[in-house]
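The opening position of the sequence shown corresponds to residue 10 in the working numbering, with each subsequent residue numbered one higher. All C-beta atoms in this analysis are idealised placements derived from N, C-alpha and C, irrespective of residue type, glycine included. Written out below as structure tokens is the structure these notes cover.
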Amino acid sequence: MSINLDDPELLKSRDLGGMLKALSSFPEACRAAIEEAERLPLENMIGKSFDEVVILGIGGSAIGGDLIKDWVEDECAKPIYVHRGYGLPRFVDERTLVFAVSYSGNTEETLSALKEAVKHGCSTVALTSGGFMEGLSFNFGIPCLKLQTGLKPRASLPNQFFGLAKLFERLGLIKEVWGEVDEALALIKEMRVELSPATPTELNMAKKIAISLKGKIPFIYGCRLLKSVAYRIKTQLNENSKIVSGSGFFPEAFHNVVVSSEGPPELLNQISYVLLIDPRESQTVLRKIEFFKQLFKANLCDIIEIEARGGGRLARMLSTIYVGDYASAYLSLLYGFDPSSTESIEKLKRVQPPL
């Protein structure tokens, strides 16, 4: 199915779940999440000392934790773990700070882990739009940050990420990096115009990327700061665009992925490598990325580059995510899909365990 990406009204009519509208609201959703997290009562936690932080979540409700970890790792003195699954790691105890994130509030893996956190006496905060998690939080007497309702979990990233970030700041886990927030949100507001449906393809990076990726299998690789950003874009291509995609990061890819440049040309020419470049990465890594790129180009593999924008770490992360999110939505529409639909996930949720 062919679609004109420069017809905003047509895009709106095909975007049945409102993914483009959610992307346009990204900056406002970030600010709203910060304000909501500022109001959450945390009297029993502020000033406490923790040995580590564990963020519980899965799927679209876990990516905020991944991004927080990458953003604050150079400042936060406590180790941060993102736990995807049932139960909890054995090291968790009463000196562990736990954030349980489930957008729907009904994610069985995260509900299981939340119950274990309470049983272990952890200082625990829930983040959810409702569901069973909201009820459990009330019953357990733990703080619950309410997230904006009516979104797909992956579209609630601004709410989850900035809700978590503000809670980190209030609990004394971060201080200096919080100063990066204003720059990051100002940049996203500027980019919203550049990436919007009203901006024509020749001036719109996200539309150009979507057109380049149509008919290809994309692999997303990011510099160290952009490791989780690469994974975010990969999952957005899976869920929004309904295509097979993979992700990884540099310098790890120099020790394995690079050898695939020697592979069969008939496979390589089906692939697009999307390279997320952090201009503040070390010159050694950047030189090797250039060599990596030339190897694959020589073997007929498409290369797309997205350079992170902004001065602070947060701006560089969010600017790259925003391009990837928009590109995945445009690619979905190019293929004739509704970016918001996730029928396979809903079918899997109905699979019952054996009796």
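**Message:** Suppose contacts are defined by Cβ-Cβ distances below 7 Å. Is Thr329 in contact with Leu285 by that definition?
**Reply:** Translated into the one-based positions of the sequence shown, residue 329 becomes position 320. Translated into the one-based positions of the sequence shown, residue 285 becomes position 276. Yes, Cβ-Cβ distance for Thr329 and Leu285 is below 7 Å.
**Prompt:** Roughly how many angstroms separate the alpha carbons of Met365 and Phe59, rounded to a whole number?
**Reply:** With the chain represented from 10 up to 364, any question about residue 365 goes unanswered, as that position is not in the structure.
**Message:** Measuring straight from C-alpha to C-alpha, what distance separates Met54 and Gly69?
**Reply:** Residue mapping note: residue 54 aligns to position 45 of the sequence shown, counting from 1. Residue mapping note: residue 69 aligns to position 60 of the sequence shown, counting from 1. For Met54 and Gly69, the distance between alpha carbons rounds to 27 Å.
**Asked** With 16 other CB atoms within 10 Å as the buried threshold, where does Val107 fall?
**Response** For the purposes of this step, residue 107 is taken as residue 98 along the sequence shown, with counting starting at 1. By the neighbour-count rule (16 or more Cβ atoms within 10 Å), Val107 is buried.
**Request:** Would you mind working out which of Lys57, Asn115, Gly114 and Ala109 sits nearest Lys87, comparing C-alpha positions?
**Result:** Within the sequence shown, the letter at position 78 stands for residue 87. Among Lys57, Asn115, Gly114 and Ala109, the Cα nearest to that of Lys87 belongs to Lys57.
**Message:** With H, G and I counted as helix, E and B as strand and the rest as coil, what does DSSP make of Cys153?
**Reply:** Within the sequence shown, the letter at position 144 stands for residue 153. It is a strand residue.
**Message:** Can you tell me whether Ala135 is buried or exposed? The criterion is at least 16 other CB atoms within 10 Å of its CB, across all chains shown.
**Reply:** Here the question's residue 135 lines up with position 126 in the sequence shown. Label assigned to Ala135: buried.
**Message:** Strictly by DSSP, which residues pair up with His92?
**Reply:** To locate residue 92, count along the sequence shown from 1; it is residue 83. Per DSSP, Leu65.
**Item:** Min CB distance Arg322 to chain B below 7 Å
**Value:** The displayed structure is made up of one protein chain only, and chain B is not part of it.
**Asked** So, helix, strand or coil for Gly321, using DSSP?
**Response** Counting from 1 along the sequence shown, the entry for residue 321 is found at position 312. Reduced to three states, the DSSP call for Gly321 is coil.
**Asked** In whole angstroms, what is the alpha-carbon distance linking Tyr282 and Ala219?
**Response** Within the sequence shown, the letter at position 273 stands for residue 282. Within the sequence shown, the letter at position 210 stands for residue 219. Taking the straight line from one Cα to the other gives about 13 Å.
**Whole-angstrom distance between Val91 and Tyr112, CA atom to CA atom** = To locate residue 112, count along the sequence shown from 1; it is residue 103. To locate residue 91, count along the sequence shown from 1; it is residue 82. Cα to Cα, Tyr112 sits roughly 16 Å from Val91.
**Asked** If you compare alpha carbons, which of Arg179, Leu156 and Lys161 is closest to Gln169?
**Response** For the purposes of this step, residue 169 is taken as the residue at position 160 of the sequence shown. That would be Leu156, whose Cα lies nearest to the Cα of Gln169.
**Asked** With a Cβ-Cβ cutoff of 7 Å, do Ala31 and Ala193 count as a contact?
**Response** Within the sequence shown, residue 31 is the residue found at index 22, counting from 1. Within the sequence shown, residue 193 is the residue found at index 184, counting from 1. Not closer than 7 Å, so no.
**Request:** Using 6 Å as the cut-off, classify the Cβ of Val101 as near or not near the heavy atoms of the ligand MN, replying yes or no.
**Result:** Looking for the ligand MN in the displayed structure turns up nothing, as the structure carries no ligands at all.
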